[in-house]
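Asks: The sequence shown begins at 1 in the UniProt record's numbering and counts up one residue at a time. Quick one: the structure is below, questions incoming.
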Amino acid sequence: MAKVIAIANQKGGVGKTTTCVNLAASLAATRKRVILVDLDPQGNATMGSGVDKHAVEHSTYDLLVHGTPVLNVMVAAAEGDYSVVPANGDLTAAEVELVGVDNRERRLRDALEEVDGLCDYVLIDCPPSLNLLTLNALVAAEGVIIAMQCEYYALEGLSALIDTISRVAGAVNPELKIEGILRTMYDPRNSLTNDVSTQLHQHFAGKVYRTVIPRNVRLAEAPSHGVPVMYYDRYSRGSKAYMALAGEIIRRDEGGPPTAAADGIVTPTLIMAPDGGSQ
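Structure (structure tokens):
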């Protein structure tokens, strides 16, 4: 049965799309079957997976508005053994066109039923706002990964997002829970980063991933090449961090013990390199 995870934060520029693309590639490298659903009209996760958002025949707009089967919308990522449900600017019209549609918040959930037995993970890249598209993601998902920087404004936004998740769980999707909080663009030399990180551990014990995603030039450069960072520079700190995150998520799902962390990065127990070897 597929596990559906929404990667969300109403604040932009916190690493949601970077996380979605690189986590999809890293999970696929461990031989998990992965589908990435791009639910952001900017289509950055689509382009970051090496798919031309302007050239796709169908997109998430067709999935949500016209009911096009998800298997007809999916395309293969250019690098990495995962599939992409692409998005482009057409998706901006979806909210308006779905206003009068019954169960409009369940459109994505209903569409994903078709792939329930065909993959292990479905990752949804949410837009940076709490709108109908994000609501569709939260109704479809069983877990939410909150990507956030360790800064005080991020803590304020976190409260609003958690309130939204609680409301959706109470009203529409009782299965929904916070899967984990992922600290991105992490710089341990910054005292503010350490202070906020400490607060996260105090208030969300057990929900904060031990893996952190560091600030990394290679990680920032990879999207311009249309590939996940593990196919751009697999030995970079960013690549190793996302591979470690994939390992941590798999261990959590399988009920295994956490792996000891060193310098804030969790070392995965089984991660496959792009060339088929382990690293």
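A virtual CB, placed ideally from N, CA and C, is assigned to each residue, including glycine.
Tell me whether R189 sits in a helix, a strand or coil according to DSSP, three-state version.
Replies: coil
Asks: Quick one: give me the first and last residue of the alpha helix (DSSP H) that K240 is part of.
Replies: 237 to 254
Asks: Short of 8 Å in beta carbon distance, which residues of its chain neighbour V101, apart from the five on each side in sequence? Order them along the chain.
Replies: Closer than 8 Å at Cβ, skipping near neighbours: R107.
Asks: If you count every other CB in all the chains shown that lies within 10 Å of the CB of P228, and 16 or more means buried, which is it?
Replies: buried
Asks: Just reading off the alpha helix (DSSP H) that D110 is part of, what are its end residues?
Replies: 107 to 112
Asks: Which residue wins for smallest C-alpha separation from D40, given the options R252, V172, D90?
Replies: D90
Asks: Which full runs of the beta strand (DSSP E) of 3+ residues lie inside the region 119 to 167, going along the chain?
Replies: 121 to 125, 143 to 149
Asks: Since I believe Y121 is in contact with V51 (beta carbons under 8 Å), could you give me their beta-carbon distance rounded to a whole number of angstroms?
Replies: Distance from V51 to Y121 at the Cβ level is roughly 18 Å; contact not present, criterion being Cβ atoms closer than 8 Å.
Asks: May I have the straight-line CA-CA distance separating R215 from D81, to the nearest angstrom?
Replies: 26 Å
Asks: Drop a sphere of 10 angstroms on the beta-carbon of T198, count the other beta-carbons inside from all chains shown, and report buried for 16 or more, exposed for fewer.
Replies: exposed
Asks: Mind listing, in chain order, the continuous beta strand (DSSP E) runs of no fewer than 3 residues lying wholly within the region 17 to 52?
Replies: 34 to 38
Asks: Work out the CA separation of I7 and P69 for me, nearest whole Å.
Replies: Each residue's Cα considered, the two are about 23 Å apart.
Asks: What is the DSSP secondary structure of E179, reduced to helix, strand or coil?
Replies: strand
Asks: Under the assumption that G238 contacts I213 (Cβ atoms under 8 Å), give the Cβ distance between them as a whole number of angstroms.
Replies: 7 Å
Asks: Buried or exposed for E105, please, with buried defined as at least 16 other CB atoms from any protein chain shown within 10 angstroms of its CB.
Replies: buried
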